[in-house]
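These notes are about the structure you will find just below.
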Amino acid sequence: MRTAIALSSLILSSLAIPVAFAQSSSTTVAKDGSCPTGFKSSGSSCKSSSGAVAIKKIGSCPTGFKSSSNYCVGDKGDYAEVKSGSCASGLKTSGKYCVK
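Under this note's numbering, the first residue of the sequence shown carries the number 1006, and numbering increases by one thereafter.
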């Protein structure tokens, strides 16, 4: 019986699915339609030419970010991530995002 339990535990632990990281603003974003203002198309991505950051738009853009196509665009040094539960220390809630 103990062998069966140990074997079951081993099988279950090997099936663990890695946890996805929160989507956060970046100078390179996956292309979804047209690139946001200030970003240039590069294959399947959009890359910032000025250091601006973008994040996929979900509802309204967070404070400090402007809507452009399917994205929210912030200035160089801005940070936002899609909210998943509570915001981490140092971040505050802004709609469906956590921002710096």
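Each residue gets a CB set at the ideal place from its N, CA and C atoms; glycine is no exception.
These figures come from a predicted structure and were not determined experimentally.
Coarse secondary structure for residue i, derived from DSSP in three states
i	result
Cys1092	coil
Ile1060	strand
Tyr1084	coil
Val1104	strand
Gly1043	coil
Run of the beta strand (DSSP E) containing residue i, from where it starts to where it stops
i	result
Ser1073	Lys1071 to Ser1073
Ser1065	Per DSSP, Ser1065 belongs to no beta strand (DSSP E) and is neither H nor E.
Lys1052	Ser1050 to Ser1053
When the options are compared against residue i, the one with the closest alpha-carbon
i	options	result
Gly1038	Ser1030, Gly1064, Cys1051 and Gln1028	Cys1051
Ser1053	Cys1040, Thr1032 and Ser1073	Thr1032
Asp1080	Cys1103, Lys1036 and Gly1043	Gly1043
Classification of residue i by the beta-carbon crowding that lies within 10 angstroms, buried from 16 upward
i	result
Ala1059	buried
Met1006	Residue placement at Met1006 is poorly supported in this model, since its pLDDT is 47, which falls under 50; the coordinates still yield a value, given next. Met1006 comes out exposed.
Lys1030	As written in the sequence, residue 1030 is Ser, which differs from the Lys given in the question. So Ser1030 ends up on the buried side.
Residue j beta carbon less than 8 Å from that of residue i
i	j	result
Ala1093	Pro1067	no
Gly1100	Gly1064	yes
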